[in-house]
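Chains as they are written, first to last, in the working numbering: chain A, 206 to 542; chain B, 206 to 542. Report on the following structure.
Protein chains: 2
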Amino acid sequence: MKVSDIGEFGLIDLLDKMASKAEVRATTAGEELIIGIGDDTAAWRGDTSVQLATVDSLIQDVHFTLDIIPWEELGWRAITANLSDIAAMGGRPRYALVSLALPGDTEVADVTALYKGMIELARQFEVAIIGGDTSRAPLVIINITVLGNNESSHILTRSAARPREKVAVTGHLGASAAGLEMLTKGLQFNPGAMTVLTRAFRQPWPRVVEGQILVEQGVRAAIDISDGLVADLKHICQASRVGARIEIDRVPVRSEVAANFPDRAMELALSGGEDYELLFTASTEVMERVKEAVSCPVTVIGDITAENAGEIVLLDRNGNTVDQVSAGWDHFSRRAS
Amino acid sequence: MKVSDIGEFGLIDLLDKMASKAEVRATTAGEELIIGIGDDTAAWRGDTSVQLATVDSLIQDVHFTLDIIPWEELGWRAITANLSDIAAMGGRPRYALVSLALPGDTEVADVTALYKGMIELARQFEVAIIGGDTSRAPLVIINITVLGNNESSHILTRSAARPREKVAVTGHLGASAAGLEMLTKGLQFNPGAMTVLTRAFRQPWPRVVEGQILVEQGVRAAIDISDGLVADLKHICQASRVGARIEIDRVPVRSEVAANFPDRAMELALSGGEDYELLFTASTEVMERVKEAVSCPVTVIGDITAENAGEIVLLDRNGNTVDQVSAGWDHFSRRAS
Numbered sequence: 206m207k208v209s210d211i212g213e214f215g216l217i218d219l220l221d222k223m224a225s226k227a228e229v230r231a232t233t234a235g236e237e238l239i240i241g242i243g244d245d246t247a248a249w250r251g252d253t254s255v256q257l258a259t260v261d262s263l264i265q266d267v268h269f270t271l272d273i274i275p276w277e278e279l280g281w282r283a284i285t286a287n288l289s290d291i292a293a294m295g296g297r298p299r300y301a302l303v304s305l306a307l308p309g310d311t312e313v314a315d316v317t318a319l320y321k322g323m324i325e326l327a328r329q330f331e332v333a334i335i336g337g338d339t340s341r342a343p344l345v346i347i348n349i350t351v352l353g354n355n356e357s358s359h360i361l362t363r364s365a366a367r368p369r370e371k372v373a374v375t376g377h378l379g380a381s382a383a384g385l386e387m388l389t390k391g392l393q394f395n396p397g398a399m400t401v402l403t404r405a406f407r408q409p410w411p412r413v414v415e416g417q418i419l420v421e422q423g424v425r426a427a428i429d430i431s432d433g434l435v436a437d438l439k440h441i442c443q444a445s446r447v448g449a450r451i452e453i454d455r456v457p458v459r460s461e462v463a464a465n466f467p468d469r470a471m472e473l474a475l476s477g478g479e480d481y482e483l484l485f486t487a488s489t490e491v492m493e494r495v496k497e498a499v500s501c502p503v504t505v506i507g508d509i510t511a512e513n514a515g516e517i518v519l520l521d522r523n524g525n526t527v528d529q530v531s532a533g534w535d536h537f538s539r540r541a542s
Numbered sequence: 206m207k208v209s210d211i212g213e214f215g216l217i218d219l220l221d222k223m224a225s226k227a228e229v230r231a232t233t234a235g236e237e238l239i240i241g242i243g244d245d246t247a248a249w250r251g252d253t254s255v256q257l258a259t260v261d262s263l264i265q266d267v268h269f270t271l272d273i274i275p276w277e278e279l280g281w282r283a284i285t286a287n288l289s290d291i292a293a294m295g296g297r298p299r300y301a302l303v304s305l306a307l308p309g310d311t312e313v314a315d316v317t318a319l320y321k322g323m324i325e326l327a328r329q330f331e332v333a334i335i336g337g338d339t340s341r342a343p344l345v346i347i348n349i350t351v352l353g354n355n356e357s358s359h360i361l362t363r364s365a366a367r368p369r370e371k372v373a374v375t376g377h378l379g380a381s382a383a384g385l386e387m388l389t390k391g392l393q394f395n396p397g398a399m400t401v402l403t404r405a406f407r408q409p410w411p412r413v414v415e416g417q418i419l420v421e422q423g424v425r426a427a428i429d430i431s432d433g434l435v436a437d438l439k440h441i442c443q444a445s446r447v448g449a450r451i452e453i454d455r456v457p458v459r460s461e462v463a464a465n466f467p468d469r470a471m472e473l474a475l476s477g478g479e480d481y482e483l484l485f486t487a488s489t490e491v492m493e494r495v496k497e498a499v500s501c502p503v504t505v506i507g508d509i510t511a512e513n514a515g516e517i518v519l520l521d522r523n524g525n526t527v528d529q530v531s532a533g534w535d536h537f538s539r540r541a542s
């Protein structure tokens, strides 16, 4: 059955039922929900904590191609970017509004799979899908707004990095970009590596829990790695008016990337992007506390400097400056794949 | 200069400066704003009133074509739909997140004009643009999320209509659809009518002030007319499990529509859509209070019935049932123009 067979209102009904059936509405967030999908707006009871809002678009043939990602994983991946943005502020994601644009000949089963993947990840963090919009379009466009809040004493910002702080990153880098390349070019590696790289690209995990721990432990400056390590660190440096030095040998490259892309592993880790790890700065003392408090790896990769404001200096094992690799992916200037 | 010449980050910088320069941030809403555009999320101090959120997409060649609407008016029209949704809940719009997808060869001047039109209308209601997202795409896609709140004792919903209430509508109907048709087909009318119809299509006015007055005066059920009078009344009837009777001769057709589309004026008024007037139900007593309190026309066009739940009955001047005209525009089943 095609989307055009059931029409816009039919599709809205179907997706609303999916969002309602999922336990996402029976969560803490859901208790304060007054109206979900089905009226002119969603409505819920507010609170006096700091409110957070972020929006992100995935556009077919720009951000993804349907030949290398199934619909369900596409739904998962679509909402990851938003959840990760909330994580990078140290917040708790609570509500999502999903705007879908689809060709009329899209299979209804594909749309419900997309929604299922989205709900699956949302449910992990008790995020309720409370609204949205569907339209016809010549290509698939997924636009998600996530609202969250932060009940701590402060939020994590890009502008709070200070000279002499250490720079650290959660998890490992490069696997999402490596997975994209592997899938696009049809590269064959051993099954274990292929599983890891495929999953890193299709179903990245937002560091929502870790972001909240960073705040609790006293971190003040953070960003999530969506554009790439160097590009995102540059965002911190520009906003904070500081510089940064990265010792590239300390960058935690995912082992499957190092093994299968020996010549390009560092480039993928430094500028691949979409790993959705958290990049943050803090004093040595706070770093130690963070390492103990989180259950994922945390690696110190460099430090913040007063000089070279807005710039990233990359150092090799001998302390020599190395040429800056391409600084992330600028949507208008370069192609996705 | 093209968008691809300044890149994604260049474009974000430019749009952020426009949003900052506009006084929209120096409004009541702005005072509670902690972070606008430029970090991972926007952030502001919450309050305990009812929070409202709505999202709406405009897609090139589906919802608009660039030959019949200039960029600045496109920006205005894009945000109208969202502001109108907040109005239909009796709320006050406060913050907007704007997600733009554009071909790389779009002129930067066109994007800034789009943004200017959006800011111009947002400013009328003290709405601050606090975040967004830009992407490259093969066509123009404008996705706007508006957040608002309602500090009254209740909100306006689709599900609160009760039998024996009167059905009323603000303003006049049919001009937006008539304007679209006039511009698409290049029809020529007298200059005054052309100005009215062009403006109704390109720069519709959301009934934000009126929505709040409806709540204050005790109205409980409302919707904004985006799909068309009959289709939107049907949404109320289905959500409220009631029926409705409309006396079509009482429907306030815009005079320029009646004069220039004599055969089709009623059809345009009943199912044209995108007039962004408010359609609501209330007792005769409340209706009288509303008429006195608002400065725009309010016309009673029918009543709510216990029978025929979910259905709209159209009556002519003799009280005879007339055939239902096409019930609004379903995005997947029919074309825009």
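Heads up, the beta-carbon is just placed ideally off N, CA and C, and yes, glycines get one too.
Check	Outcome
CB contact below 9 Å: B:Trp249 versus chain A	yes
Chain-order list of residues whose beta-carbon lies under 8 Å from that of B:Thr489 (same chain, five-residue window excluded)	Lys371
Interface partners of B:Thr403 on chain A, CB under 8 Å	In chain order: nothing, as chain A lies at least about 24 Å away.
Backbone CA spacing between A:Gly524 and A:Ala449 [nearest angstrom]	14 Å
Length of the line joining the Cα atoms of A:Arg540 and A:Glu386	Residue placement at A:Arg540 is flagged as unreliable, the pLDDT there being 36, under the threshold of 50; a coordinate-derived value is accordingly withheld.
Every unbroken alpha helix (DSSP H) within the region 279-345 of chain B, with a cutoff of 4 residues, ordered by chain	313-329
Below-9 Å beta-carbon distance, B:Met471 vs any chain A residue	no
CB contact check: A:Arg363 to chain B, cutoff 9 Å	yes
Closer than 9 Å to chain A by CB, B:Phe256	Reading off the sequence, residue 256 of chain B comes out as Gln, not Phe. Yes - at least one Cβ of chain A is within 9 Å of the one on B:Gln256.
Cβ pair count under 8 Å reaching 3, the region 253-266 of chain B against the region 290-307 of chain B	yes
Reference A:His440, options B:Asp218, B:Val208, B:Ile211, B:Asp210, closest by Cα	B:Asp218
Minimum Cβ-Cβ distance from B:Leu219 to chain A less than 9 Å	no
For B:Ala426, three-class secondary structure by DSSP	strand
Interface flag, B:His268 vs chain A, CB-CB below 9 Å	yes
Minimum length 3: unbroken beta strand (DSSP E) runs contained in the region 387-443 of chain B	426-429
Distance between A:Lys496 and A:Gly507 (C-alpha atoms, nearest Å)	16 Å
Minimum length 4: unbroken alpha helix (DSSP H) runs contained in the region 498-527 of chain A	none
Short Cβ contact (9 Å threshold) for B:Pro275 with B:Ala318	yes
Paired residues, beta bridge with B:Ala247 - DSSP	A:Ala258
A:Val208 beta carbon less than 9 Å from that of A:Val332	no
Min CB distance B:Ser358 to chain A below 9 Å	no
Neighbour-count burial assignment, A:His377, 16 or more Cβ in a 10 Å radius	buried
Within chain B, partners of A:Gly243 - CB distance below 8 Å	Arg363, Ala444
Chain-order list of residues whose beta-carbon lies under 6 Å from that of A:Leu344 (same chain, five-residue window excluded)	Gln265
Where A:Leu361 sits in the DSSP three-state scheme	coil
Nearest to B:Glu213 (by Cα), restricted to the options B:Arg282, B:Lys222, B:Ala380, B:Arg341	B:Arg341
Rounded straight-line distance, which links the Cα of A:Asp521 to that of A:Asp528	10 Å
Beta carbon of A:Val587 nearer than 9 Å to that of A:Ala474	The structure shown does not extend to residue 587 of chain A, since chain A is modelled only from 206 to 542, so the question has no answer here.
Closest by C-alpha distance to B:Asp245, when choosing among A:Val503, A:Asn395, A:Leu484, A:Met294	A:Met294
Selection from B:Pro502, B:Ser254, B:Pro308 that minimises the alpha carbon distance to B:His359	B:Ser254
Under 7 Å by beta carbon: chain B residues contacting A:Leu352	Ala258
Burial state of A:Ser431 (16 or more Cβ within 10 Å)	buried
B:Met206, buried or exposed, once every other Cβ within 10 Å from all chains shown has been counted against 16	exposed
For B:Ala464, the residue or residues it bridges with in DSSP	DSSP lists no partner for B:Ala464.
Neighbour flag for A:Ala224 against chain B, beta carbons, 9 Å	no
B:Ala487, DSSP secondary structure in three states	strand
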